[in-house]
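Numbering (mature numbering (1 follows the signal peptide of the UniProt record, and there is no 0)), first residue to last: -28 to -1, 1 to 210.
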């Protein structure tokens, strides 16, 4: 019984979120093999709150009232000389310039759009380059209804700079259910990559991830709760 992955992004890593039509990802904690063969986790930094810059001419009071953007580091490190980082961003109001994607199919009655008031973004960076940067500033972002949207897509997938995440240095990212405390990704050579779930403060939005070195493939992905009970086991990833 797989509890943690409500919906998967395929190994190609090019799937899009069900709401918003924009692909999601997150990054890894592994920075190098420890004595036991595990890749050690880089501790997540404390969240940093940012206020969007107000246009020139706005009054100081308006600047003070600007919605606070929360940026939570999910993980960062370096694997075989390649640096990576992943940050989860929560915008309590839709940013200026962001347009909610809309979709329609010929002959199909349009479904009323769900209420969206905020935005969640996952920023993946490999070797100094943001994954999906070609898609613009709001690639890998998903519109949500506030800070506790239970309908937000929960996914897992592979992302990289080559062949849509199927080769080269890759990031395996999951946005798990609340009961998932940690995960272990076992590679075919026996290496175990570990990650802990990190949640953006005052929100329901969380992620864990690991970095897959170039040339390596995945044998299994396991998720555990706070009591260290395994709650999911998947072997279809590569």
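We treat Cβ as the ideally placed atom computed from N, Cα and C, and that holds for glycine.
Remember, it's a predicted structure, so these values are computed and weren't measured experimentally.
Under the DSSP assignment, residue 205 falls in the beta strand (DSSP E) whose first and last residues are 202 to 206. In terms of Cα proximity to residue 101, the closest of 197, 159, 58, 93 is 58.
With a beta-carbon spacing of about 7 Å, residue 146 and residue 181 fall inside the 8 Å limit used to define contacts. Beyond the five residues adjoining it in sequence on each side, residue 202 comes within less than 8 Å, by CB distance, of 194, 195, 196 in the same chain, given in chain order. Take the alpha-carbon of residue 160 and the one of residue 130: they are about 16 Å apart. As for any beta strand (DSSP E) of minimum length 3 sitting wholly inside the region 141 to 207, the runs are 154 to 159, 164 to 168, 178 to 184, 190 to 196, 202 to 206, ordered along the chain.
Residue pairing by DSSP places residue 96 opposite 58 in a beta bridge.
For the 8 Å CB-CB criterion, residue 88 and residue 63 do not form a contact. Spatial neighbours of residue 66 in its own chain (CB-CB distance under 8 Å, excluding positions within 5 residues in sequence) are listed in chain order as 72, 88, 89, 90, 91, 115. A residue is called buried once 16 or more other Cβ atoms fall within 10 Å of its Cβ, and residue 207, having fewer, is exposed.
In terms of Cα proximity to residue 109, the closest of 70, 149, 169, 175 is 70. Counted as a single uninterrupted DSSP element, the beta strand (DSSP E) harbouring residue 134 occupies residues 128 to 134.
The beta-carbon distance between residue 170 and residue 178, rounded to whole angstroms, is 6 Å. This is short enough to meet the 8 Å contact definition.
DSSP places residue 114 inside the beta strand (DSSP E), whose first and last residues are 113 to 116.
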